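According to our numbering, the stretch in the sequence shown is residues 22 to 197, in order.
Just so you know, even glycine gets a beta-carbon here, dropped at the ideal spot from N, CA and C.
Here the structure is a predicted model, which means the values were calculated and not measured.
Below is one structure; the comments refer to it alone.
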Amino acid sequence: MSETVSTIYLGVDPGLGTTGYGVLRFTAGSIELLDGGTIRSKASDPLPTRLDELYCGIIEVLDKYRPVAMGLEKIYAHYKHPATAIKMAHARGIFCLAAARRQVSLISLPATRIKKLVTGNGRAGKEQVAGMVRHLLGLTAEIKPDDVTDALAIAIAAYESEKNDRKYKRLGRKDS
22 MSETVSTIYL
32 GVDPGLGTTG
42 YGVLRFTAGS
52 IELLDGGTIR
62 SKASDPLPTR
72 LDELYCGIIE
82 VLDKYRPVAM
92 GLEKIYAHYK
102 HPATAIKMAH
112 ARGIFCLAAA
122 RRQVSLISLP
132 ATRIKKLVTG
142 NGRAGKEQVA
152 GMVRHLLGLT
162 AEIKPDDVTD
172 ALAIAIAAYE
182 SEKNDRKYKR
192 LGRKDS
């Protein structure tokens, strides 16, 4: 009798004020939602305090679920909002550190790749991504807040990205 292998992936939608996370178990073609939520920090707190809140929050999730990998959205910097990119970089660094401390593989993906892996369209809108996440997870109710939906999409994309990488390596190709 063969044993069914399951793997747990954590998706993180990084933000200094609100970070979304989603924990999914992938088993033989099925996806199970284990957890989803947000980690928040107060805008009135000093930056080190806010970063500590994020770090402690994600460490708690990592310790509880012990994922094999963490998917993390790459930073998109718009020239009109450079301060936002810097704040995001602080938060993102905390999640990279947490993954390293817990020896969890980090899969960093740009937003367009996440959308492509989840919906088939790298320019899909938020509603299309949310709809596909609900469909893949077998949910009828809307997932709120959007940070959680995004994190679940990131977890799905991280899994699919690694699965594709393994497939291409088996075929002897260098890139996907």
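*Is it the case that the Cβ atoms of Ala151 and Ile164 are separated by a distance below 8 Å?*
What you label residue 151 is simply residue 130 of the sequence shown in a count that begins at 1. What you label residue 164 is simply residue 143 of the sequence shown in a count that begins at 1. Yes, the pair counts as a contact, with Cβ atoms nearer than the cut-off.
*asked:* Along the chain, where does the beta strand (DSSP E) containing Asp34 start, and where does it finish?
replied: For the purposes of this step, residue 34 is identified with residue 13 of the sequence shown, where counting begins at 1. Ser27 to Asp34 is the span of the beta strand (DSSP E), which, as asked, contains Asp34.
*For the candidate residues Tyr30, Ala178, Ala49 and Lys63, whose alpha-carbon lies nearest to that of Leu130?*
As a working note, residue 130 is residue 109 in the sequence shown. Closest by alpha carbon: Ala178.
*When DSSP builds the beta bridges, which residues end up paired with Gly159?*
Here residue 159 refers to the residue found at position 138 when the sequence shown is read from its first residue. DSSP output for Gly159 lists no bridge partner at all.
_6 Å Cβ shell around Ala98 - same chain, five flanking residues per side excluded_ = Start at 1 with the first residue of the sequence shown, and residue 98 comes out as number 77. So the list reads Ala106, once near-sequence residues are dropped.
*Would the beta-carbon of Ala112 fall within 8 Å of that of Thr170?*
Along the sequence shown, read from residue 1 onward, the residue named residue 112 stands at position 91. Along the sequence shown, read from residue 1 onward, the residue named residue 170 stands at position 149. No, these two residues do not count as a Cβ contact at 8 Å.
*Roughly how far, in whole angstroms, is the beta-carbon of Ile115 from the beta-carbon of Tyr76, given that I think they are within contact range, below 8 Å?*
Your numbering for residue 115 matches position 94 in the sequence shown. Your numbering for residue 76 matches position 55 in the sequence shown. Rounded, the Cβ-Cβ distance is 5 Å, consistent with contact.
*Name the two residues that bound the continuous beta strand (DSSP E) containing Ile128.*
Here residue 128 refers to the residue found at position 107 when the sequence shown is read from its first residue. Segment Ser126 to Leu130, the beta strand (DSSP E) holding Ile128.
*Check whether the Cβ atoms of Ile29 and Val89 sit closer than 8 Å, and answer yes or no.*
On the sequence shown, residue 29 is found 8 positions in, with the first residue counted as 1. On the sequence shown, residue 89 is found 68 positions in, with the first residue counted as 1. Less than 8 Å separates the beta-carbon of Ile29 from that of Val89.
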